[in-house]
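Since the structure comes first, as structure tokens, the remarks are kept for the end.
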Amino acid sequence: MQDTVLIVGSGPAGLSAAAQVTGAGRRAVLVEKEDTLGGAPILSGYAKLVPSGEWARDAIGRMVRRVEEEEKITVHKGTRVTRLDGEAGDFTAELDNGQKVKAGAVVLATGFTHFDPVNKPEWGFGTFPDVITTTQMEQMVANGKIACPSDGRTPERVAILLCVGSRDRQIGREWCSKICCTVSTNLAMEIKELSPETEVFIYYMDIRTFGLYEDRFYWTSQEEFQTKFVKARIAEVTASGDGRLLLKGEDTLVKRPIVIPFDIVVHAVGMDPNQDNPEIARVFGVDLEKHGYLQRAEHYTNPCGTSRPGIYACGAAYGPETIDDSISQGAAAGCRAAADVQPHGRKAG
Ligand SMILES: Cc1cc2nc3c(=O)[nH]c(=O)nc-3n(C[C@H](O)[C@H](O)[C@H](O)COP(=O)(O)OP(=O)(O)OC[C@H]3O[C@@H](n4cnc5c(N)ncnc54)[C@H](O)[C@@H]3O)c2cc1C
Ligand code: SF4
242 MQDTVLIVGS
252 GPAGLSAAAQ
262 VTGAGRRAVL
272 VEKEDTLGGA
282 PILSGYAKLV
292 PSGEWARDAI
302 GRMVRRVEEE
312 EKITVHKGTR
322 VTRLDGEAGD
332 FTAELDNGQK
342 VKAGAVVLAT
352 GFTHFDPVNK
362 PEWGFGTFPD
372 VITTTQMEQM
382 VANGKIACPS
392 DGRTPERVAI
402 LLCVGSRDRQ
412 IGREWCSKIC
422 CTVSTNLAME
432 IKELSPETEV
442 FIYYMDIRTF
452 GLYEDRFYWT
462 SQEEFQTKFV
472 KARIAEVTAS
482 GDGRLLLKGE
492 DTLVKRPIVI
502 PFDIVVHAVG
512 MDPNQDNPEI
522 ARVFGVDLEK
532 HGYLQRAEHY
542 TNPCGTSRPG
552 IYACGAAYGP
562 ETIDDSISQG
572 AAAGCRAAAD
582 VQPHGRKAG
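Now the structure itself:
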């Protein structure tokens, strides 16, 4: 029996799984396709995380350090798995760096891909430099200055459009991305903190700041930071004559057309299935669900399972997920995988 778990993906879910596996006395091999560990919060340069309020580089950086300092974890960066043979308890993986890994179980923590808003051309991304995504606004916040990308002026008015690439059947994105309402209400507060003269408007279909986030983010953003919430259907973003942007649509509460000038329009982009998922499904022999995320096994008795025994999954690989829940699922998947392999150092037989 093998003593090693192969973990693919080093976002919050994969880092958590790796720590759990070695905490249980087993070895882990972590394979990450990028040259940097940490997943979306590090690769996309998120600012302060919801709900902890900690900078992503500190919170996720701590998880990265724990993995890098653990001698029972071998890390392959800039690497992919090209082939997996064998079965639960005795897999052999081939990596594109020419190495082979023998492992008793596999954890897929391969996450998601940010929705690309060029797929919603009527909302101006890719046409106007001052139409940006939440990840770009997060980077601005992380760099400590809110400014229009076009000319560097401080924006008087910022609009955040929710559900960009989510809850949109026209473009085949039927799911809710779960965290973008809360991330956007938090972002509005961060903008206001850095640039008190900027007014922030959030345009929404529904606000889904679920659970305890309702009070902590939605009401606080509205009451303490004066974020304006407008229930609306946005038709298009165009240029106004004075170099600003015009947001056009309908205020769906009062049922009136709106045409409002803004300096920056932010798209709250959703969480698409990882674009690698067809390849991941082929290499690892696991099923995808109908939207293209990894298929979850029957959950009640097989948590973190996939369609293939010995292969587990966690986090946003299964569908839109928060960081906190991705970390919990990573720990659970790591636990299940660790139980399938023997403690490091024990002789087989
Ligand atoms: C703008 C924005 C802001 C957000 N802010 C917050 C927040 O404040 N709080 C919160 O709770 N959530 C937030 N989220 C959600 C958060 O990004 C996810 O919950 C989290 O990243 C999921 O972690 P994960 O490890 O499952 O996946 P990921 O973070 O996507 O990590 C997956 C890792 O797997 C690697 N990988 C992918 N495919 C392969 C492959 N084929 N081979 C090898 N490696 C591979 C990737 O490179 C990546 O490192 C935000 C989302 C968005 C879009
Ligand atoms: S969390 Fe909010 S912004 Fe994100 S898809 Fe769901 S309703 Fe839309």
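In my numbering, each residue carries its 1-based index in the sequence shown increased by 241.
For glycine and all other residues, C-beta sits at the position ideal for the given N, C-alpha and C.
All figures in this text were calculated on a predicted structure; none of them were measured in a lab.
Cα-Cα separation between residue i and residue j, rounded to whole angstroms
i	j	result
Phe-525	Thr-333	11 Å
Ala-557	Ile-283	15 Å
Gly-330	Val-372	50 Å
Arg-324	Asp-357	29 Å
Arg-523	Pro-292	36 Å
Glu-440	Pro-396	8 Å
Asp-276	Gln-340	17 Å
Val-249	Ala-259	10 Å
Val-262	Ser-285	27 Å
Ala-589	Asp-581	Because Ala-589 carries a pLDDT of 49, less than 50, the predicted location of this residue cannot be relied on, and the following value inherits that uncertainty. Straight-line Cα distance between these residues: approximately 13 Å.
Arg-457	Pro-584	43 Å
Gly-280	Ser-436	29 Å
Asn-543	Val-510	32 Å
Ser-567	Glu-273	17 Å
Ala-572	Ala-254	8 Å
Tyr-459	Lys-433	14 Å
Phe-369	Asp-483	14 Å
Asp-528	His-540	15 Å
Ala-554	Arg-307	21 Å
Thr-375	Val-424	8 Å
Cys-576	Ile-501	52 Å
Ile-521	Gln-380	30 Å
Val-342	Ser-481	58 Å
Arg-398	Ala-388	11 Å
Thr-450	Val-382	21 Å
Asn-187	Thr-320	The structure shown does not extend to residue 187, since the chain is modelled only from 242 to 590, so the question has no answer here.
Glu-295	Tyr-287	11 Å
Lys-600	Leu-402	Lying before the first or after the last residue shown, residue 600 is absent from the chain, which here runs from 242 to 590.
Glu-335	Gly-546	22 Å
Ala-574	Asp-392	47 Å
Ala-578	Pro-550	10 Å
Supposed contact pair residue j and residue i - C-beta distance, whole angstroms, cut 8 Å
i	j	result
Thr-479	Leu-487	5 Å
Phe-353	Pro-514	7 Å
Pro-561	Trp-416	6 Å
Leu-349	Ile-552	7 Å
Phe-470	Ile-443	5 Å
Cys-404	Met-446	6 Å
Ser-251	Leu-271	6 Å
Buried or exposed (CB count within 10 angstroms, at least 16 for buried), residue i
i	result
Met-512	buried
Glu-431	buried
Gln-516	exposed
Asp-244	buried
Ser-187	Nothing can be reported for residue 187, as the shown portion of the chain is limited to 242 through 590.
His-508	buried
Met-242	exposed
Glu-310	exposed
Leu-428	buried
Leu-453	exposed
Gly-345	buried
Arg-414	buried
Arg-394	exposed
Lys-289	buried
Gly-586	exposed
Gln-570	buried
Asp-504	buried
Below 8 Å, can you find three or more Cβ-Cβ pairs linking the stretch 347-366 to the stretch 399-412?
yes
What are the complete beta strand (DSSP E) segments, minimum 3 residues, inside the stretch 445-516?
469-480, 486-492, 497-503, 505-510, 512-514
Any chance the stretch 462-477 sits against the stretch 490-508, with 3 or more Cβ pairs inside 8 Å?
yes
Give the list of continuous alpha helix (DSSP H) stretches no shorter than 4 residues that lie fully inside the stretch 314-398.
375-384
Taking contact to mean 3 or more Cβ pairs, one atom from each stretch, closer than 8 Å, check whether the stretch 299-318 and the stretch 526-535 are in contact.
no
Would you mind listing the alpha helix (DSSP H) stretches within the stretch 252-295 that are 4+ residues and don't spill past its ends, in chain order?
253-264, 281-284
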